[in-house]
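The number in the working numbering is simply the position in the sequence shown, starting from 1, with 28 added.
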Amino acid sequence: MLALRRQGVSTAEIAARIGIKTTTVSALEHSAGRAKRAPRPLEELCRTVLFPIDVLNALGPHAAKRNMHPNRLARLIVETVSDEKMIDAVLDDADDLKGWA
Numbered sequence: 029m030l031a032l033r034r035q036g037v038s039t040a041e042i043a044a045r046i047g048i049k050t051t052t053v054s055a056l057e058h059s060a061g062r063a064k065r066a067p068r069p070l071e072e073l074c075r076t077v078l079f080p081i082d083v084l085n086a087l088g089p090h091a092a093k094r095n096m097h098p099n100r101l102a103r104l105i106v107e108t109v110s111d112e113k114m115i116d117a118v119l120d121d122a123d124d125l126k127g128w129a
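Following this line, the structure appears as structure tokens:
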């Protein structure tokens with residue numbers, strides 16, 4: 029929409045080309061001009077976990093197949109194991125936990 033406006037296309041023509049109302053074109057144009065909120069630093073939303081380099085290297089080929097960084101794959105694995113309540117199944121260490129909570 030903004031690219032069309034920069035080309036000098038009228039509001040009515042932009043609306044017709046995109047298939048939206050002229051008022052929507054105006055609203056979108058106005059919204060695009062507003063100052064964006066500064067993104068929060070990742071550190072405010074997360075905690076740091078260090079993975080040994082050999083673990084990240086082992087994740088490398090699997091991350092590449094998924095077009096992501098090994099760090100992202102490590103986070104995804106931990107998130108999935110936690111969300112799906114698979115910690116006990118993955119670790120398989122129930123016999124070692126006797127006496128704990």
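Note that the Cβ used here is the ideal one computed from N, Cα and C, for glycine as well.
DSSP three-state call for residue i: helix, strand or coil?
i: E41; result: helix
i: P98; result: helix
i: L78; result: coil
i: D121; result: coil
i: A112; result: Note on identity: in this sequence residue 112 is Glu, with Ala being the wrong assignment. The answer is coil: DSSP assigns E112 none of H, G, I, E or B.
Using alpha carbons as the reference points, say which of the options lies closest to residue i.
i: A91; options: A60, T52, I105; result: I105
i: T39; options: A31, V53, G47; result: V53
i: I81; options: N99, K93, L73, E41; result: N99
i: I46; options: N85, A31, D124; result: A31
i: A86; options: D124, A102, S110; result: A102
What is the residue span of the alpha helix (DSSP H) that residue i lies within?
i: I81; result: 81 to 93
i: T52; result: 50 to 61
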